[in-house]
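What follows is a set of notes on a single structure, which appears directly below.
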Amino acid sequence: VLFAQPVLTARTVESHLDVQRPSALRMLDLFTEMGILEELEPGLRRMRRFVARDIMALLSEGLDEPLNP
Numbered sequence: 012v013l014f015a016q017p018v019l020t021a022r023t024v025e026s027h028l029d030v031q032r033p034s035a036l037r038m039l040d041l042f043t044e045m046g047i048l049e050e051l052e053p054g055l056r057r058m059r060r061f062v063a064r065d066i067m068a069l070l071s072e073g074l075d076e077p078l079n080p
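Take 12 as the starting number for the sequence shown in my numbering and just add one per residue.
Have a look at this one:
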């Protein structure tokens with residue numbers, strides 16, 4: 012999922028992995044704690060967005076400008 016969509020929301024995880032919202036949020040929080048994801052605009056509890064910066068960097072290689080989430 013991360014390579015296809017390096018910017019995620021709980022809804023994205025729910026639909027791709029067929030899990031309920033609490034499970035999707037736990038996964039996102041765990042990946043954030045592990046340093047795989049970074050929360051964009053932390054503090055906003057509604058429509059939280061997460062980015063996999065390392066994957067964004069890989070996808071940006073060879074481009075004139077880096078991809079921005």
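Ideal placement from N, C-alpha and C gives every residue a C-beta, glycine not left out.
- [ ] Tell whether a beta-carbon distance below 9 Å holds between residue 42 and residue 51.
- [x] no
Task: Host alpha helix (DSSP H) of residue 72 (start-end) - done: Careful: residue 72 lies outside any alpha helix (DSSP H) and carries neither H nor E.
- [ ] Go ahead and label residue 12 buried or exposed: buried means 16 or more other beta carbons lie within 10 angstroms of its beta carbon, across all protein chains shown.
- [x] By the beta-carbon neighbour count (other beta carbons within 10 angstroms, threshold 16), residue 12 is exposed.
TODO: Figure out for me which residue from 35, 67, 64 has the closest Cα to the Cα of residue 25.
DONE: 35
Open item on the list: Less than 9 Å between the C-beta atoms of residue 21 and residue 64, yes or no?
Closed with: no
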